[in-house]
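These notes are about the structure you will find just below.
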Amino acid sequence: MVELITFITLSVVTLVSAILVITRRNAVHSAIWLIVTLFTVGGIFLLQHAEFLFAVQIILYVGGIMVLFLFVVMLVDIDVALKQARFARQWLVALATSILLLAIVGYALYNHGQGLNLPARPMTSAPVQNTQAVGMALYQNYMLPVEIASVLLLVAMVGAVIMAKRKLQ
Amino acid sequence: MIPAEYYIFLGTGLFAIGVVGVLTRRNVLIILMSIELILNAVNINLMAFSQYFKSVDGQVFAIFVITDAAAEAAVGLGLIIALFRNKETVNADEIDLLKW
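Going down the list, the sequences are from chains A and B. So the first sequence is residues 106 to 274, counted in this note's numbering. So the second sequence is residues 204 to 303, counted in this note's numbering.
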């Protein structure tokens with residue numbers, strides 16, 4: 106019961122702050138509401154017993170990516186953007202398309218009241234120490250993907266530096 | 204325990220809000236923020252199935268999604284800075300160099 110109340114509270118805060126992200130005129134306000142959304146998504150990870158992902162979410166998303174976002178928002182000129190129209194001309198079509206998408210996915214998930222028809226849960230107990238289990242999986246079963254992800258981050262770093270440089274020689 | 208369906212409905216809602224943001228906003232920065240919302244919706248879904256099947260594989264994939272989000276934010280924000288330096292705008296409607 107407590108779990109359900111926590112889940113509903115976190116979901117409502119997540120969805121409301123996500124709507125505020127896409128409707129605020131000032132990009133700084135959007136960024137701050139996005140931080141709220143990321144915090145509550147982290148809370149949902151905690152509710153799903155993914156403690157390591159909760160820590161990663163807070164440190165990497167809120168601490169890293171959002172600081173980067175706020176820096177760039179303050180580097181580019183926000184005064185001009187404040188005076189312009191917020192939404193593109195096609196906003197009504199876009200909204201209708203998204204609501205249609207939501208309705209189709211919701212109908213597919215509802216599935217005449219049967220839900221997802223997931224296969225039965227395995228009888229094995231979940232690993233108690235989440236961080237240890239994730240670390241073992243990362244460095245044993247998923248060693249090659251981890252290396253590929255590190256190469257991707259290197260490429261992204263070099264690309265960002267080259268793109269933001271003032272002039273190429 | 205909360206059923207996996209609830210998490211998936213929440214993920215669908217967050218995904219739809221992100222899609223609305225990408226399609227309707229004109230500010231490129233807020234379009235990038237909407238993409239972060241979409242990636243978070245994916246993470247909620249991965250985590251729901253990871254919890255349901257008592258496996259950490261979904262959490263490992265969520266870590267890769269977060270890595271991708273970081274790479275995408277770095278490259279995207281570098282692009283926005285380069286764009287702002289050349290065209291003095293962050294409005295997606297005015298970025299039409301390739302249109303003819």
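We treat Cβ as the ideally placed atom computed from N, Cα and C, and that holds for glycine. Bear in mind the structure is a predicted one, so any value in this text is a computation, not a measurement.
In the assembly as shown, tyrosine 255(B) is a buried residue. Its beta-carbon has 16 or more other beta-carbons within 10 Å.
With respect to chain B, the C-beta atom of threonine 114(A) has no partner C-beta closer than 8 Å. Listed in chain order, the non-local C-beta contacts of threonine 292(B) below 8 Å within the same chain comprise Leu286, Ile298, local neighbours out to five positions each way being set aside.
For threonine 229(A), the nearest CB of chain B lies under 8 Å from its own CB, placing it at the interface with that chain. Residues of the segment 219 to 234 of chain B with a C-beta less than 7 Å from any C-beta of chain A: Ala219, Ile220, Val222, Val223, Gly224, Leu226, Thr227, Arg228, Arg229, Asn230, Leu232, Ile233, listed in chain order.
Going by beta carbons, leucine 197(A) and asparagine 131(A) fall outside the 8 Å limit. Under the three-state reduction of DSSP output, phenylalanine 256(B) falls in the coil class, being neither helix nor strand.
The segment 272 to 282 of chain B and the segment 147 to 164 of chain A do not touch, with fewer than 3 CB-CB distances between them shorter than 8 Å.
For asparagine 294(B), the pairing in a beta bridge is given by DSSP as Asn230(B). Between the segment 168 to 179 of chain A and the segment 229 to 240 of chain B there are three or more C-beta pairs closer than 8 Å, enough to call the two in contact. Between alanine 193(A) and threonine 227(B), the C-beta spacing is below 8 Å.
Contacts with chain A at 8 Å (Cβ-Cβ) include lysine 257(B). Cβ-Cβ distances below 8 Å link asparagine 216(A) to Asn222 in the same chain, with the five nearest sequence neighbours on each side left out; the list follows chain order.
Apart from the 5 residues on each side of it in sequence, isoleucine 241(B) sits with its Cβ closer than 6 Å to the Cβ of Phe218, Gly221 in its chain, given in chain order. For tyrosine 244(A), the number of other beta carbons within 10 angstroms of its own is below 16, and it is reported as exposed.
Within the same chain, and ignoring the five residues on either side of aspartate 271(B) in sequence, the residues whose Cβ sits closer than 8 Å to its Cβ are Leu242.
Residue ranges of uninterrupted beta strand (DSSP E) with 3 or more members are absent from the segment 197 to 259 of chain A; none lies entirely inside it.
Taking the Cα of glycine 211(A) as reference, the smallest distance to any Cα among Gly224(B), Tyr209(B), Phe264(B) is reached at Tyr209(B).
A direct Cα-Cα distance of roughly 21 Å separates valine 268(B) from valine 231(B).
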